[in-house]
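Novice: Just so you know, we're using this note's numbering here: the sequence shown kicks off at 467 and counts up by one. No residue lacks a Cβ here, since even glycine has one placed at the ideal position from N, Cα and C. Note that the coordinates shown come from a computational prediction; the quantities given were computed from them, not determined experimentally. I am attaching a structure below and will ask some questions about it afterwards.
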Amino acid sequence: MSDAQDCDRDGGGYRIGVDIGGTFTDVVLWNLAGARTEKTKLLTTPDDPSRAVMAGIQQILVDNNVSLSAVDAVIHGTTLVANALIERKGVKTGLITTRGFKDVLEIGREWRYDLFNLDIELPEPIVSRPDRYEITERTGPDGTVITPISLSEIDGIADSLAASGIDSVGVCLLHAYRNSAHETAIRDRLAEISPTLSVSLSSDVSPEMGEYERTSTTVANAYVHPIFKTYVDLLVDGLLELGFRKDLLLVLSDGRTVRQDTATQFPIRLVQSGPAAGAQAASIYGAMSNERDLLCFDMGGTTAKACLIEDGEPERTANFEVARVFRFAEGSGLPLQIPAIDMIEIGAGGGSIARVDRLGLIQVGPDSASSDPGPACYGLGGTEATVTDADLILGYLDPGNFLGGKMTLDKAAAERALQNAVATPLAMSVEQAAWGIHETVTANMAQAAAVHAIEKGLNVTNFTVVPIGGAGPVHACSLARKMGIERMICPVGAGVASAIGMLGSPISFELAQANMSRLDAVDWPQIEAMVQDMVTRGQNLVRHAGVSENEISITISAMMRYVGQGYEVDAPVDLATIQTGNISAIAGSFSDAYLKRFGRTEKMPPEITTWRVVVSGPRPPLLDSIRVNHQQRASALTPKTARPVYFGAEVGFVETPVFDRETLGPGALIDGPAVLEEVESTLIIPPDFSGEVDEGLNVVVSRKDQTS
């Protein structure tokens, strides 16, 4: 079939979204003209993640008789960066910093995340002390050069870097966010002496205040840069061999999309690209059902994450943490100063391992069976009891129809694993052990999500849960019940929602620049010039990615706080306000943002710490395409089969109808208990819930006592 025929069949080109998870790699093919999405899921290949990506792309193209040359864009999100930091599988990295500041990585913030733990464990610095090098130079907080840089010292440092086998180096000089000249000089000199050495500058990666956070972010970027570049090069070469001649696009941790060269320069900004795309998908699903206050619940194979979406927009943050020593202990990880969607890890995933602790309590995670060997029921050599094994025993999963029949689950292997790990130690039946695992993991997730919402000052009982990920719809009703939430939107394609979200992500990039000043003392001509430069750089990036000039939008904001505070809020500002130096307008914007965040304002002078610019292209019209052609779907319910499903000790196993979700059309009413199966995930509706299929084919699930 020719390329033209491929496009003409549905009247237009295609886009492909690929999300790599800890257990599965998800691929979605979207044809804009035909308003159609096709999906596939296959096991991740941890030894070389690009193998699963290429195999998934080839599979979905063959299944749909499409040539890769007919594809307009491939958009990708990956866990490679996060895994490299968590598992410490980056390259050997060095640090060059201002003399006297080599121990910033160990000094940290000088506070303890657990005041009562005398043996507190902190994350090991990425760069060991012998690999940190000091150079004579000094720049003041206003950008003034106090001590000129001694470039003659660079030659000796370069020799030491080579002798130590260092492949990548981070350069983080004091106050370089105000004047990057010294860092640039170091990079240029190293390029002459050691042209193969990877160099990351703090003035490029994180030009913001916060010495520890800026240094941590810069060395983390340096640590993963070579392996990420190699990975992207492999993908680009593989796609080229298959006939794809366009740029590879990658999703950042803030849900925005950039070209491969931009992503390769700042790989640290992809540390949670997949989950961020999932939050974007949840926003789209909410818009389909006219719901704007959402709790995105993303439970995959390795972890479960939650994101609060208020008024249709995911919560965002400029400070992120990765590779925590203790999963739920804030402050126990490596701080990253990057723009990100504010998602928190709230629990275990389908592949998380269950065990009995010394107190005789069931614990789940953080260890995971991953995709190799995977849960015991996968039959790939795994023997540990996992959440997926428990779900199979409880009847939530069909052993003969997992992944639409592509995999057969071994129920006997799951029973053996649960018997050995939980049932025998606690003298209970396998079914009781499975229910204990299910309740433990769900209760932990509900508690963590509720605490996160409380910290944000939000009452989530008024929110709507959007479960995504392969295991999200299985646990969604139990989670909602424990959190006191009455309503859920269970989207079609929930198991590949992150890949779907990538398809709806705009080409966009955020730039930040620190410039601290009290609001009443801002040098407005200087700020205007700085912001205009940021806008120009951002425009060049998105134009380079194929966005037309007339499609570009620009958003400007100032990170502000009251004088003496340590945390900022994001206050929207427009360019005209900066050009006129309209202090009252900016103060009003700050007061509104502060009041929304904290419920009050203070009678103190405000100050600005950082300016942010977001330059974006148009958002692809994915919302309309998700409203797939459903004329062939019926509103009448005809179960394809029935099986016993466990709903707790009081109810036990209940013979439950099983429906093929692909056959359910708008208006279909589902009275719990019920099981709705699709290829990528399974929705469990307990006896105290009921559902209705809406016009977008989402199943809107509610507590029965709230159903009119």
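#1: Quick test of your reading: Ile1018 and Gln1005, contact by CB under 8 Å. State the CB separation rounded to the nearest angstrom.
#2: Can you look up Asn1095 in the DSSP assignment and give me helix, strand or coil?
#3: Could you give the first and the last residue of the continuous beta strand (DSSP E) run that contains Met954?
#4: For Asp492, which beta-bridge partners are listed by DSSP?
#5: Just mark Ile612 as buried or exposed, buried being the case when its beta carbon has 16 or more other beta carbons within 10 Å.
#6: Evaluate Thr927 with the Cβ neighbour count: other Cβ atoms within 10 Å of its Cβ, from every protein chain shown; 16 or more gives buried, anything less gives exposed.
#7: Taking the alpha helix (DSSP H) that Ala1140 falls in, what are its first and last residues?
#8: Hey, quick one: how far does the beta strand (DSSP E) through Gly561 stretch, first residue to last?
#9: Ser630 bridges to which residues according to DSSP?
#10: What is the rounded straight-line gap between the Cα of Leu863 and the Cα of Asp857?
#11: Measuring CA to CA, which of Glu572, Val1081, Ser646 and Glu1158 is closest to Ile957?
#12: Helix, strand or coil: which one does DSSP assign to Ile807?
#13: Between the C-alpha atoms of Val519 and Glu811, what's the straight-line distance to the nearest angstrom?
#14: So, for His1096: in the same chain, excluding its five sequence neighbours on each side, which residues have a beta-carbon less than 8 Å away from its beta-carbon?
#15: In three-state terms, what does DSSP make of Val611?
#16: Report yes or no: do the segment 674–681 and the segment 978–985 share at least 3 C-beta pairs separated by less than 8 Å?
#17: Across which residues does DSSP place Trp1077 in a beta bridge pair?
#18: Kindly indicate which residue of Trp1077, Leu700, Ala747 and Ser1156 has the alpha-carbon position closest to the one of Ala995.
#19: Run through the DSSP bridge pairs and tell me what Gly1157 is partnered with.
#20: What three-state label does DSSP hand Glu572 in the structure shown?
#21: Smallest Cα separation from Gly870: which of Asn549, Val537 and Glu1128?
#22: Would you mind stating whether Gly721 and Ala742 have Cβ atoms separated by less than 7 Å?
#23: Between Ala1011 and the rest of its own chain, which residues show a CB-CB distance below 6 Å, the 5 nearest in sequence each way excluded?
#24: Would you mind working out which of Leu1135, Asp580, Gln524 and Asp608 sits nearest Thr1075, comparing C-alpha positions?
#25: In chain order, what residues of the same chain lie with their CB nearer than 7 Å to the CB of Gly936, ignoring the 5 residues before and after it?
#26: Sort Leu534, Leu581, Ser971 and Thr908 by Cα distance to Arg711 and report the nearest one.
#27: May I ask you to report which of helix, strand or coil DSSP gives Ser516?
#28: Who does Pro1072 pair with in a DSSP beta bridge?
#29: Just the C-alpha distance for Phe929 and Ala772, rounded to the nearest angstrom, thanks.
#30: Rounding to the nearest angstrom, what Cα-Cα distance links Ile623 and Lys872 in this structure?
#31: Would you please state the rounded distance, in angstroms, between the beta carbons of Leu495 and Asn530? I believe it to be under 8 Å.
#32: Give the range of the beta strand (DSSP E) segment to which Gln829 is assigned.
#33: Is the beta carbon of Val1179 sitting closer than 7 Å to the one on Pro733?
#34: Looking at C-beta atoms only, is the number of pairs between the segment 827–837 and the segment 796–803 that lie closer than 8 Å three or more?
#35: Using beta-carbon positions only, say whether Glu679 and Gln803 come within less than 7 Å of one another.
#36: Would the beta-carbon of Ala564 fall within 7 Å of that of Leu508?
Specialist: Looking at the atomic coordinates:
#1: Counted from its first residue, the sequence shown places residue 1018 at position 552. Counted from its first residue, the sequence shown places residue 1005 at position 539. In this structure Ile1018 touches Gln1005 by the C-beta definition: roughly 6 Å separates them, less than 8 Å.
#2: Within the sequence shown, numbered from 1, the residue matching residue 1095 stands at position 629. Any reading at Asn1095 is ruled out, since the residue's pLDDT is 48, under 50, leaving its predicted position unreliable.
#3: As a first step, residue 954 is located in the sequence shown; it is residue number 488 there, counting from the start. Under the DSSP assignment, Met954 falls in the beta strand (DSSP E) whose first and last residues are Arg953 to Cys956.
#4: The residue you call residue 492 lines up with position 26 of the sequence shown. Answer is Asp485 and Lys507, bridged to Asp492.
#5: Mapped onto the sequence shown, residue 612 falls at position 146. Exposed, since its Cβ has fewer than 16 Cβ neighbours within 10 Å.
#6: Within the sequence shown, residue 927 is the residue found at index 461, counting from 1. Result: exposed.
#7: Sequence index remark: in the sequence shown, residue 1140 carries index 674 (1-based). No alpha helix (DSSP H) holds Ala1140; the beta strand (DSSP E) holding it covers Ala1140 to Glu1143.
#8: Locating residue 561 in the sequence shown gives position 95, counting from the first residue. The sequence given here places Leu at residue 561; Gly does not occur at that position. For Leu561, the enclosing beta strand (DSSP E) begins and ends at Thr559 to Thr564.
#9: In the sequence shown, the residue the question calls residue 630 occupies position 164. Ser630 pairs with nothing; no bridge assigned.
#10: Residue 863 sits at position 397 when you count from the first residue of the sequence shown. Residue 857 sits at position 391 when you count from the first residue of the sequence shown. The alpha-carbon atoms of Leu863 and Asp857 are separated by roughly 6 Å.
#11: In the sequence shown, counting from the first residue as 1, residue 957 sits at position 491. In the sequence on display, residue 957 carries Pro and not Ile. Checked all of Glu572, Val1081, Ser646 and Glu1158; the closest Cα to Pro957 is Glu1158.
#12: Indexing the sequence shown from 1 puts residue 807 at position 341. Here Ile807 sits in strand by DSSP.
#13: The residue labelled residue 519 in the question sits at position 53 within the sequence shown. The residue labelled residue 811 in the question sits at position 345 within the sequence shown. Cα to Cα, Val519 sits roughly 25 Å from Glu811.
#14: Residue numbering aside, residue 1096 sits at position 630 when the sequence shown is read from its first letter. At His1096, the pLDDT of 48 sits below 50, so the modelled position is not reliable; the number obtained from the coordinates is stated separately. Result list for His1096: Gly1131, Pro1132 and Leu1163, in chain order.
#15: Along the sequence shown, read from residue 1 onward, the residue named residue 611 stands at position 145. Val611: strand per DSSP, three-state reduction.
#16: At 8 Å Cβ cutoff, the stretches touch.
#17: By one-based count along the sequence shown, residue 1077 stands at place 611. DSSP output for Trp1077 lists Gln979 and Ala1024 as bridge partner(s).
#18: Working through the sequence shown from its first residue, we reach residue 995 at position 529. Residue nearest to Ala995 within the set Trp1077, Leu700, Ala747 and Ser1156 is Trp1077 (criterion: CA-CA distance).
#19: In the sequence shown, the residue the question calls residue 1157 occupies position 691. Gly1157 is bridged to Ile1136 and Val1167.
#20: As a working note, residue 572 is residue 106 in the sequence shown. Glu572: helix per DSSP, three-state reduction.
#21: The residue given as residue 870 occupies position 404 in the sequence shown. When each option's Cα is compared against that of Gly870, the closest is Glu1128.
#22: The count along the sequence shown starts at 1 and reaches residue 721 at position 255. The count along the sequence shown starts at 1 and reaches residue 742 at position 276. For Gly721 and Ala742, yes; Cβs fall inside 7 Å.
#23: Position 545 of the sequence shown, counting from 1, holds the residue named residue 1011. Excluding residues within five positions, the ones whose Cβ falls inside 6 Å are Arg725 and Ile973.
#24: One-based indexing of the sequence shown puts residue 1075 at position 609. Taking only the C-alpha atoms, the option nearest Thr1075 is Asp608.
#25: Position 470 of the sequence shown, counting from 1, holds the residue named residue 936. Around Gly936: Phe490, Gly766, Gly767, Gly816, Gly961, Glu1146 and Ser1147.
#26: For the purposes of this step, residue 711 is taken as the residue at position 245 of the sequence shown. For the set Leu534, Leu581, Ser971 and Thr908, the Cα lying nearest the Cα of Arg711 is the one of Leu534.
#27: The sequence position of residue 516 within the sequence shown is 50, counting from 1. Shown here, Ser516 sits in a helix according to DSSP, grouped into three states.
#28: Position 606 of the sequence shown, counting from 1, holds the residue named residue 1072. Tyr1028.
#29: Within the sequence shown, residue 929 is the residue found at index 463, counting from 1. Within the sequence shown, residue 772 is the residue found at index 306, counting from 1. Roughly 13 Å between the two C-alpha positions.
#30: The residue you call residue 623 lines up with position 157 of the sequence shown. The residue you call residue 872 lines up with position 406 of the sequence shown. As the crow flies, the alpha-carbon of Ile623 is around 55 Å from that of Lys872.
#31: In the sequence shown, counting from the first residue as 1, residue 495 sits at position 29. In the sequence shown, counting from the first residue as 1, residue 530 sits at position 64. With a Cβ gap of about 6 Å, Leu495 and Asn530 count as contacting.
#32: One-based indexing of the sequence shown puts residue 829 at position 363. Counted as a single uninterrupted DSSP element, the beta strand (DSSP E) harbouring Gln829 occupies residues Ile828 to Ser834.
#33: The structure shown does not extend to residue 1179, since the chain spans only 467 to 1174, so no value can be given for it.
#34: The segment 827–837 is not in contact with the segment 796–803.
#35: Translated into positions along the sequence shown, residue 679 becomes position 213. Translated into positions along the sequence shown, residue 803 becomes position 337. Going by C-beta atoms, Glu679 is nearer than 7 Å to Gln803.
#36: Reading the sequence shown from its first residue, position 98 is the one you call residue 564. Reading the sequence shown from its first residue, position 42 is the one you call residue 508. Residue 564 is actually Thr in this sequence, not Ala. Not a contact, by the Cβ cut-off of 7 Å.
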